């Protein structure tokens, strides 16, 4: 029997998802043994015309990482959707929008102004900005339109499964590939990670008292977290209560609080709202005034609660 | 009729890189442009975030060198909060950083740039990749390449929480120390890395230096640019990747500047062109003269060879020997041969491996005094490290609560943006003669930019070769023909 074919593709990403695949180390040899890779721009020279010539279903699965930002990326993922029965969103950016999705909290004009006018080292008295088309010595040079909005993959195409994480961890990658090979994929739409909250797996779980109350918010910049205690109990924002487990609690084991890159569990639609409601109920305040006072000690709720998920939130983006 | 060739590999740094080559009526190269057609806007969307979070956010600029961004950011936080890391914390940071340098330099040599030499610049494209390298150097060495990477990255994960997008850096120190058991295990990995670093130089010697054709290629004018060099040195003018002063030497090797992080805007300015999202830094006191080399042009390079050019010597004995040998073969210091970046990279890996052992032998490394808490009010900070690809600058401004109000980032490939365009142009002039442009000619052009920055090529080269399409257009923009590398 011929080996099943799989494909990899990336959109707007940092390369960490590719590194995560290389970090399978020797295990990647087993993957290569079991499947044929039909597309992997990182490694192989197959082009769009090859993808266009695929028979529908010929390539069983495509893993797509990165958020969608350009028309070129949009065309590619639509083509891959047409050809592949199973599409897996790989990593936080494809899953939720990821860190580049934070740019939905700003505007294109702001990005240009910061980069080309306000920078302390830029020498740009003539206020030159990158242009769609420029003529130099009679030759025409082009740049694509700079898109200010970052979209997650399922805003553009239908997605069958999600591998969460920034980046996904080797264990879950291997489990996902094994499930595909053995035909044991769960119901469509599933996130291929445990359906449990990070707090349930947290090595500091035992330190959490029955009733948690937050007296004030603290920051790791100026205070030392206790290496054994629940961050939240100590007043350090930790996205654990609103985040899915499966990462191996790497940040927490590194003595730093969770920032939510695995996204929420299936029961939650909006990770930031979920965290807000979780933390709201823990504040040591019974009056509105005291609540507001405490909330004011919380730095950057938008960028913290939605660190990886702004494009997937009900807030979406800033309009002007 | 003039022609335009587009080399548009799918690459990374800020997303994507693209090369345009213009041919004149005779089919000879007239101009070449290196364009970066994407901007992700970190300078804008980091505003409003708590400063300490930038050490966790900015690594997402690049998933290949997240440790460099994490470390530049962490040092920027020290400066912002005016707090020095404890002695143990400083050593832990440098240890993790040295491990990162070794594995990243090997990644580049064996997976990315190396295949051009080890397998051959005009070998069939299908063999010019890591698998071709394995076929040439043998499975035993390939197994060691994988093992070094696995062990060093496991060590980095233990120290920094995560290896892809680390978390341990904080103003005044780190979040977590190491145990004596960790240290003993790391020592074994470091010793293995050191042995392998020596072996890698021996491979380079055998494959490249004993091949007259390659030596001619390395020394050829087409791959040479007489520019200024910049890099970080310690108090003895030895290269240091984690900390020190920036030193600049002119094309003849004379020191023209030495400055601390706070003075960088006195020495470096960025030129803006309307045809690229990337800016083009130059030496402010020399001035921007366009895409040209020589002492009158402010164009400078940052890269492994540039770092060795600005150094008087290496801080460790084996690296020092290798340093002397390299400059002897290249005809003295400074050297300007772009392809020698690969050689310098292996010497740096050797230094970083030696440095790992020095740090692991230091009793303080297992100390538990890992953090000085900041007490001052933040306002502005600058953090500079040497990333594997060159100098990396993070500069933050905040309000009194440490919330970011502005930031400036100059990454390695940013510094090298003008030199990359120049190198491509020069290699194109030497190697490309139209109208019949062959695949081999295009790979030689690619070899001109590959030494600078696997961040541009690494996505496309993780297994060895770039998907490459060259569109040849006439003046009116009509597509005449497409060259594809298969």
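Residue numbers (this note's numbering), protein chains in the order written: chain A, 1 to 320; chain B, 1001 to 1486. Built from N, CA and C at the ideal position, the CB exists for glycine as well. These numbers come from a predicted model, not from an experiment.
Asked                                                                                                                                                                                    : Found
Where residue 275 of chain A and residue 232 of chain A are concerned, what is the direct C-alpha to C-alpha distance, given to the nearest angstrom?                                    : 11 Å
I need the straight-line Cα distance from residue 1389 of chain B to residue 153 of chain A, nearest angstrom please.                                                                    : 31 Å
When DSSP labels each residue in this structure, what does residue 1382 of chain B get in the three-state scheme?                                                                        : strand
Are the beta-carbon atoms of residue 1313 of chain B and residue 1229 of chain B separated by less than 8 Å?                                                                             : no
Based on Cα-Cα distance, which residue from B:1448, B:1431, B:1081 and B:1271 lies nearest to residue 1028 of chain B?                                                                   : B:1431
Using a Cβ-Cβ cutoff of less than 6 Å, which residues in the same chain neighbour residue 1075 of chain B once the five nearest sequence positions on both sides are dropped?            : 1383
Name, going along the chain, the residues of the stretch 1163-1179 of chain B whose beta-carbon falls closer than 7 Å to a beta-carbon of chain A.                                       : 1164, 1165, 1167, 1168, 1170, 1171, 1175 and 1176
Distance, Cα to Cα, residue 1237 of chain B vs residue 1311 of chain B?                                                                                                                  : 5 Å
Taking only runs of the alpha helix (DSSP H) that begin and end inside the stretch 36-99 of chain A, which ones reach a length of at least 4 residues, in chain order?                   : 48-53, 71-83 and 92-96
Taking DSSP's pairing of strands, which residues face residue 114 of chain A in a bridge?                                                                                                : Looking at the DSSP assignment, residue 114 of chain A forms no beta bridge with any residue, so it has no partner.
Terminal residues of the continuous alpha helix (DSSP H) containing residue 1063 of chain B?                                                                                             : It is not in any alpha helix (DSSP H) - residue 1063 of chain B carries neither H nor E in the DSSP assignment.
Could you tell me the alpha carbon to alpha carbon distance between residue 88 of chain A and residue 60 of chain A, rounded to whole angstroms?                                         : 11 Å
Counting C-beta neighbours from all protein chains within 10 Å, is the total for residue 1392 of chain B 16 or more, i.e. buried, or is it exposed?                                      : buried
Only counting the same chain, and skipping five residues up and downstream in sequence, which positions put a Cβ closer than 7 Å to that of residue 1423 of chain B?                     : 1225, 1338, 1448 and 1449
How would you list, in chain order, the residues of chain A whose beta-carbon sits under 8 Å from the beta-carbon of residue 1373 of chain B?                                            : 222, 223 and 224
Measure from the alpha carbon of residue 1406 of chain B to the alpha carbon of each residue in B:1326, B:1363, B:1079 and B:1044, then state which is nearest.                          : B:1044
Measure the Cβ-Cβ separation of residue 65 of chain A and residue 94 of chain A and say whether it is below 8 Å.                                                                         : yes
For residue 1280 of chain B, does the three-state DSSP call read helix, strand or coil?                                                                                                  : strand
Can you tell me the Cα-Cα spacing of residue 1455 of chain B and residue 1200 of chain B, whole angstroms?                                                                               : Any reading at residue 1455 of chain B needs caution, since the residue's pLDDT is 49, under 50, leaving its predicted position unreliable; the model's value is listed next. Cα to Cα, the separation comes out at about 21 Å.
Residue 68 of chain A and residue 74 of chain A - do their beta-carbons sit closer together than 8 Å?                                                                                    : yes
Would you mind reading off the limits of the alpha helix (DSSP H) that contains residue 1193 of chain B?                                                                                 : 1180-1204
Starting from residue 1271 of chain B, follow the beta strand (DSSP E) in both directions and report where the run begins and ends.                                                      : 1268-1271
Pull up the distance between the alpha-carbon of residue 1365 of chain B and that of residue 1257 of chain B, whole angstroms please.                                                    : 34 Å
Enumerate in chain order the residues of its own chain whose CB-to-CB distance from residue 230 of chain A is below 7 Å, with the five nearest sequence positions on each side excluded. : 204, 207 and 208
Any C-beta of chain B within less than 7 Å: which residues of the stretch 110-127 of chain A qualify?                                                                                    : 110, 111, 114, 115, 116, 118, 119, 120, 121, 122, 123 and 124
Measure from the C-beta of residue 1064 of chain B to each C-beta in chain A and report whether the shortest distance is under 8 Å.                                                      : yes
Closer than 7 Å by C-beta to residue 1204 of chain B: which residues in its own chain qualify, once you throw out the five before and the five after it? Chain order, please.            : 1343 and 1346
Assign residue 306 of chain A to one of two classes, buried (16 or more other C-beta atoms within 10 Å of its C-beta) or exposed (fewer than that).                                      : buried
Interface residues of chain A around residue 1045 of chain B at Cβ under 7 Å?                                                                                                            : 102, 103, 105 and 106
Nearest to residue 51 of chain A by alpha carbon, out of A:32, A:28 and A:78?                                                                                                            : A:78
Just verifying my parser: in three-state terms, what is the DSSP assignment at residue 10 of chain A?                                                                                    : strand
Measure the CB-CB distance between residue 240 of chain A and residue 309 of chain A and report whether it falls below 8 Å.                                                              : no
Does DSSP classify residue 158 of chain A as helix, strand or coil?                                                                                                                      : coil
Do residue 1091 of chain B and residue 1362 of chain B count as a contact pair if the criterion is CB distance below 8 Å?                                                                : yes
What residue does the beta strand (DSSP E) around residue 142 of chain A start on, and which one ends it?                                                                                : 139-142
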